[in-house]
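For reference, the structure discussed in these notes is given below.
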Amino acid sequence: MNIPSELKNKWDLVSAKYEKKRAAMLPILRLSQDHFGYITPEVELAVAEYLETTPVHVREVVTFYELFRRKKEGKNEIRFCRTLSCSLLGAEDLLAYLKQKLGVEPGQTTPDEKFTLHTAECLGACEIAPMMQVNGDFHGPLTKEKIDEILKNL
Amino acid sequence: MHLRNTKYEIRNTMVKIVTKNFNLKDSYLLSTYESTGGYQAIRKAMDSMTPDQVTEEVKKSNLRGLGGAGFLAGMKWGFIPKNSTLPKYLCVNCDEAEPGTFKDKYLVSLDPHRLIEGMMIAAYAIGCHKAYIFIRGEYVRPYERLQAAVDEAYAKGYLGQKLMGKDYALEIVVHRGAGAYICGEESALLEAIEGKKGWPRLKPPFPAVVGLFGCPTVINNVETLCHVPTIIEKGAEWYAKIGTAKCGGTRIFCMSGHVKKPGIYELPMSVTLRQLIFDHAGGIRGDKKLKAVVPGGISAPILSAAEIDVGMDFDSLKAAGTMAGSAGVMVMDEDTDMVEALKVATRFFAHESCGQCSPCREGTGWMYKIVKRICDGKGRAQDINNLLSIGQNISGTTICALGDAAAMPVTSYITKFRDEFEEKCKMKNEKLKITI
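These protein sequence lines map, in sequence, to chains R and E. Residues in the first sequence are numbered from 399 upward in steps of one, following my numbering. Residues in the second sequence are numbered from 491 upward in steps of one, following my numbering.
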C-alpha cells in the first residue's frame, strides 16, 4: 500500500523522537487512523514495514487498545461512561435513553453515519458524573435534556 | 505556623502546593508560572545542590507516590544504579484511569509547567537526559495543554540540549496512550511507550534497574512530581511538617458520587475521611445518610459509614484494611444497592484485564458473570462463597496487581454488606428493585 507523502512525513517527524523504531507504533497508528478514518490490514502491513517489525506485532497493538478502530465509524464519536461514580448518579438510565434516541447499540453507527456510540470505562471525569465524551470533549453532569442539546449542536 | 499535632486535626487548611495557581488567569502559560516564582527551584537545584543532595531532600520530605502505591519517591530515585553506563529514563504516569480519580487531568490542564519543572529536578537528580510523559488517550484537551507547555519550554530554551541554558540536555516527549487501564501499571506503561501491547512485566528486575529499553528508569505519577519544585524551594523539613509523621505534604483528593460538592480538594495528608466528606465536599446530597465510601480508587476495599474517622494518609488507611491509593473517593448514600455497585466494579475489571495471567483473565470475567447473574435474580446458594474463593485465588498469583485489585472490591463489599448479597441470592424470580 502506498502511504501518501503527507502522512509519511508525519510518520518521519514522530519517529525521530524515539530511540527505537518500534516505539513509534502508537503515535504512527494514531496518525494513520486520523488520516484514513480507521486501520485496515493494508495499513497494518505498511506500518509493520516502516517500523521494521512483523505484521502480527501491529495487529496485537491495534486489537489490544480500545481507541483504535478497525472499521469505519460515524462523524461523531460518543463514549458514554458506565463506571462507578457515573453509575451511582444514573448513567444506566441515561445510556438507555441515548441508545433509544440514536436507535443503536454500543459499537454501532447511526444509519445517517452521524454518530457512533461506545460505552467507556472511567474517563477521569467523575466530578461531572454522569458524563460522556463526544469527540475530544467531556460533557456532564448529563440529563436527558442536556444530551438532547449536545447532540443537536453537532 | 505549622505545628506538629494530633493525628486527626487538619493543619493549615490554606496551604496549597500544587493547586495554588489554578484560579489564576491563563494559569497554564509559562509566563504565568514564572511570574509566581516558577522555574526557580530547578535553578536552585542545579546551581547549589548535587544530584544526590536533591534526592536526599526529596527523601527527607516524605513525599509518597501519589499515583496509588505510596512508595517514598526519594527512595525510588535512589534505586537508580550510580555506576551504570546506560542512559537513564524518567517516565511520567498520566494514565489516570483508576475509577474515581481525576486530579492529574487538572494538573496538566491548569499548571503543566509545574509538572515540567518537577520533571527537570527529577531528571537532574537521577542523571536522566530523556523523559517521556505517558498521557491516556482519552485525555484530548489536557494533552493539547500539556504539549503546548512542553513546546513553550523548548521555545524558551528551557528544554533541549541545554536545560535552563546549562550544559545538561533534557528532552521531553509526550506519548499518548490508546485506551487501556492496565497501562497505568508501571511496567505496562513501559511496554506501551516501547510500542507494544500493555502486558506487565515480571518483577524483579524492577524498572530502576531494567526499565525503558532495558535501561534504568524512574516512573512517577504526575502529582508526585508536581510537589517536587516546592520541596526544593521551601525545603524538606517544611514539607514534611505538613501531613503526618511518615506522609509529607498535601495531596489532591478527588470527591465524587453522592456528595453535594464533587471535585478536587488539595488538603494535608492528615485530613480524615469524615472531614473530607462533610466539611469539604458538602456532605451527602439530599441530606441522605452515608452508607459506604471507596477511599482510594475502585481497587480500594470499601469502608462502611462507621469507619470514616480515619486519616487519609497511606499508613492510616492501610492500618484500617484499605488503601489511600489514587485518592479517588467515591461516596455512596443509603439508597445504594451494593450488589449493583459490585456489578459495575467487577465489569470494569473484567473489561480491563489484559489477559496475560490465567487467574485474572478467567477470574475477573467469572466474578462479573456471577454478580450479574445475582443482579438478574438468578443467584445461587454457593455464589457468595464462590466469589470469595475466586477472589482469593486471584490474589498474589498474577504478574501485576490488577488481579489483587479486582479481588479487593469483591471481598470487601461481600464482607461488609453480606446480608444484601444473601438477600439478593434468595430473591430468585422475584421482581428486583434496582436502585443505584
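Yeah, the Cβ is synthetic: ideal placement off N, Cα and C, and Gly gets one too.
Practice item. At 9 Å on the CB atoms, spell out the chain E contacts of residue 446(R), in chain order. Key: As a working note, residue 446(R) is residue 48 in the first sequence. Chain E residues near residue 446(R): none, gap ~11 Å exceeds 9 Å.
Review point. Hey, out of 754(E), 587(E) and 564(E), whose CA is closest to residue 611(E)'s CA?
Key: Here residue 611(E) refers to the residue found at position 121 of the second sequence. Relative to residue 611(E), the option among 754(E), 587(E) and 564(E) whose CA is nearest is 564(E).
Exercise for review: Mind listing the chain R neighbours of residue 744(E)? Cutoff is C-beta to C-beta under 8 Å, in chain order.
Suggested key: If you number the second sequence from 1, residue 744(E) lands on position 254. Simply 524 and 525.
Point to revise | Residues that DSSP places opposite residue 733(E) in a beta bridge | key: By one-based count along the second sequence, residue 733(E) stands at place 243. The partner list for residue 733(E) (beta bridge, DSSP) reads 738(E).
Check your understanding: Taking buried to mean at least 16 other C-beta atoms within 10 Å of its own C-beta, is residue 515(R) buried or exposed?
Key -> Within the first sequence, numbered from 1, the residue matching residue 515(R) stands at position 117. Buried is the call here.
Review point. With a cut-off of 8 Å, does the C-beta of residue 438(R) fall near any C-beta of chain E?
Key: Position 40 of the first sequence holds residue 438(R). Closer than 8 Å to the CB of residue 438(R) there is not a single CB belonging to chain E.
Check your understanding: For residue 871(E), which residues of its own chain have a beta-carbon under 8 Å away from its beta-carbon, when the five flanking residues on both sides are left out?
Key -> Position 381 of the second sequence, counted from the start, is the residue given in the question as residue 871(E). Within the same chain, residue 871(E) has close Cβ partners 915.
**Study point:** Beta-carbon neighbours of residue 534(R), restricted to chain E and to distances below 7 Å
**Key:** What you label residue 534(R) is simply residue 136 of the first sequence in a count that begins at 1. For the C-beta of residue 534(R), the chain E residues within less than 7 Å are, from N- to C-terminus, 630 and 631.
Check your understanding: What are the boundary residues of the alpha helix (DSSP H) that residue 488(R) is part of?
Key -> For the purposes of this step, residue 488(R) is taken as the residue at position 90 of the first sequence. For residue 488(R), there is no enclosing alpha helix (DSSP H), as DSSP gives it neither H nor E.
Review point. Measuring CA to CA, which of 904(E), 829(E) and 720(E) is closest to residue 482(R)?
Key: As a first step, residue 482(R) is located in the first sequence; it is residue number 84 there, counting from the start. For the residues 904(E), 829(E) and 720(E), the minimum Cα distance to residue 482(R) belongs to 829(E).
Check your understanding: For a contact meaning CB atoms closer than 7 Å, what does residue 465(R) contact in chain E?
Key -> If you number the first sequence from 1, residue 465(R) lands on position 67. Under the 7 Å cutoff, chain E gives 627, 668 and 669.
Point to revise | the segment 615–622 of chain E contacting the segment 733–746 of chain E, beta-carbon criterion three pairs below 8 Å | key: With the cut-off at 8 Å, the segment 615–622 of chain E and the segment 733–746 of chain E do not touch.
Exercise for review: Note down the Cα distance separating residue 541(E) from residue 554(E), rounded to an integer number of angstroms.
Suggested key: The residue labelled residue 541(E) in the question sits at position 51 within the second sequence. The residue labelled residue 554(E) in the question sits at position 64 within the second sequence. Distance between the alpha carbons of residue 541(E) and residue 554(E) is about 19 Å.
Review point. Can you pull the DSSP bridge partners for residue 517(R)?
Key: As a position in the first sequence, residue 517(R) is number 119, starting the count at 1. Residue 517(R) has 478(R) as its beta-bridge partners, per DSSP.
Point to revise | Neighbour list for residue 791(E) in chain R, Cβ cutoff strictly below 9 Å | key: Taking the second sequence and counting its residues from 1, the one referred to as residue 791(E) is at position 301. One finds nothing in chain R with a Cβ atom closer than 9 Å to the Cβ of residue 791(E); even the nearest lies about 14 Å away.
Check your understanding: Can residue 576(E) and residue 716(E) be called in contact, C-beta distance under 8 Å?
Key -> Start at 1 with the first residue of the second sequence, and residue 576(E) comes out as number 86. Start at 1 with the first residue of the second sequence, and residue 716(E) comes out as number 226. Inclusion of residue 576(E) and residue 716(E) in the CB contact set at 8 Å is not warranted, their separation being larger than that value.
Check your understanding: What in chain R is Cβ-close to residue 820(E), meaning under 9 Å?
Key -> Looking up residue 820(E) in the second sequence gives position 330. Those within 9 Å of residue 820(E) in chain R are 482, 483, 486 and 524.
Review point. In chain order, which beta strand (DSSP E) runs of at least 3 residues are fully inside the segment 546–609 of chain E?
Key: Entirely contained in the segment 546–609 of chain E, the beta strand (DSSP E) runs reaching 3 residues are, in chain order, 578–584.
Review point. Is it the case that the Cβ atoms of residue 729(E) and residue 551(E) are separated by a distance below 8 Å?
Key: On the second sequence, residue 729(E) is found 239 positions in, with the first residue counted as 1. On the second sequence, residue 551(E) is found 61 positions in, with the first residue counted as 1. Against a cut-off of 8 Å, the Cβ pair of residue 551(E) and residue 729(E) comes out as a contact.
Review point. Per DSSP, which one or two residues make a beta bridge with residue 758(E)?
Key: Locating residue 758(E) in the second sequence gives position 268, where the first residue counts as 1. Bridge partners of residue 758(E): 740(E).
**Study point:** Within-8 Å CB hit, residue 459(R) to chain E
**Key:** Position 61 of the first sequence, counting from 1, holds the residue named residue 459(R). For residue 459(R), the answer is yes, since a Cβ of chain E falls inside 8 Å of its Cβ.
Practice item. Give the range of the beta strand (DSSP E) segment to which residue 711(E) is assigned. Key: On the second sequence, residue 711(E) is found 221 positions in, with the first residue counted as 1. Going by DSSP, residue 711(E) is part of the beta strand (DSSP E) stretching over 707–711.
Review point. Whole-angstrom Cβ separation of residue 960(E) and residue 511(E), contact assumed at under 8 Å?
Key: Because chain E here runs from 491 to 926, residue 960(E) falls outside it and cannot be looked at.
Check your understanding: Using the beta-carbon of each residue, which ones in chain E are nearer than 8 Å to residue 519(R)?
Key -> Here residue 519(R) corresponds to residue number 121 of the first sequence, with the count starting at 1. Per Cβ cutoff of 8 Å: 587, 589, 671, 838, 841 and 842.
Check your understanding: Given residue 849(E), which residues of its chain have a CB within under 8 Å of its CB, disregarding the five upstream and five downstream residues?
Key -> Here residue 849(E) refers to the residue found at position 359 of the second sequence. Setting aside the 5 residues that flank it on each side, residue 849(E) is surrounded in the same chain by 883, 884, 887, 888 and 893, each with a C-beta closer than 8 Å to its C-beta; the list follows chain order.
Practice item. Compare the C-beta of residue 770(E) against all C-beta atoms of chain R and say whether one is closer than 8 Å. Key: Along the second sequence, one-based indexing puts residue 770(E) at 280. Using a Cβ-Cβ cut-off of 8 Å, residue 770(E) does not count as an interface residue toward chain R, since no Cβ of chain R sits closer than that to its own.
**Study point:** Range covered by the beta strand (DSSP E) that runs through residue 433(R)
**Key:** Here residue 433(R) is taken as the residue at index 35 of the first sequence, counted from 1. Per DSSP, residue 433(R) belongs to no beta strand (DSSP E); it is in the alpha helix (DSSP H), 423–434.
Check your understanding: Shorter than 8 Å from the beta carbon of residue 468(R) to some beta carbon of chain E?
Key -> On the first sequence, residue 468(R) is found 70 positions in, with the first residue counted as 1. Cβ-Cβ to chain E under 8 Å: no for residue 468(R).
Review point. CB-CB under 7 Å to residue 463(R), same chain, minus the five flanking residues each way: which ones, in chain order?
Key: Translated into positions along the first sequence, residue 463(R) becomes position 65. Contacts found: none.
Practice item. Might you give, ordered along the chain, the residues of its own chain that have their beta carbon closer than 6 Å to the beta carbon of residue 521(R), omitting 5 neighbours on each side? Key: Looking up residue 521(R) in the first sequence gives position 123. Sequence-distant partners of residue 521(R) (beyond 5 residues in either direction) whose C-beta falls short of 6 Å from its own C-beta, in its chain, are 479 and 531.
Review point. What is the residue span of the beta strand (DSSP E) that residue 619(E) lies within?
Key: The sequence position of residue 619(E) within the second sequence is 129, counting from 1. Where residue 619(E) is concerned, the enclosing beta strand (DSSP E) stretches over 618–625.
Review point. So, helix, strand or coil for residue 399(R), using DSSP?
Key: Here residue 399(R) refers to the residue found at position 1 when the first sequence is read from its first residue. Note: residue 399(R) maps to coil in three-state DSSP.
Check your understanding: Within the 8 Å Cβ cut-off, does residue 831(E) reach chain R?
Key -> Start at 1 with the first residue of the second sequence, and residue 831(E) comes out as number 341. Residue contact with chain R for residue 831(E): present (Cβ-Cβ distance below 8 Å to some residue of chain R).
Practice item. Examine the Cβ distances between the segment 756–772 of chain E and the segment 793–805 of chain E and report whether three or more of them are shorter than 8 Å. Key: Note that the segment 756–772 of chain E touches the segment 793–805 of chain E; at least 3 beta-carbon pairs, one per stretch, sit closer than 8 Å.
Point to revise | Chain-ordered chain E contacts of residue 422(R) [CB-CB under 8 Å] | key: Along the first sequence, one-based indexing puts residue 422(R) at 24. By Cβ distance, chain E contributes 685.
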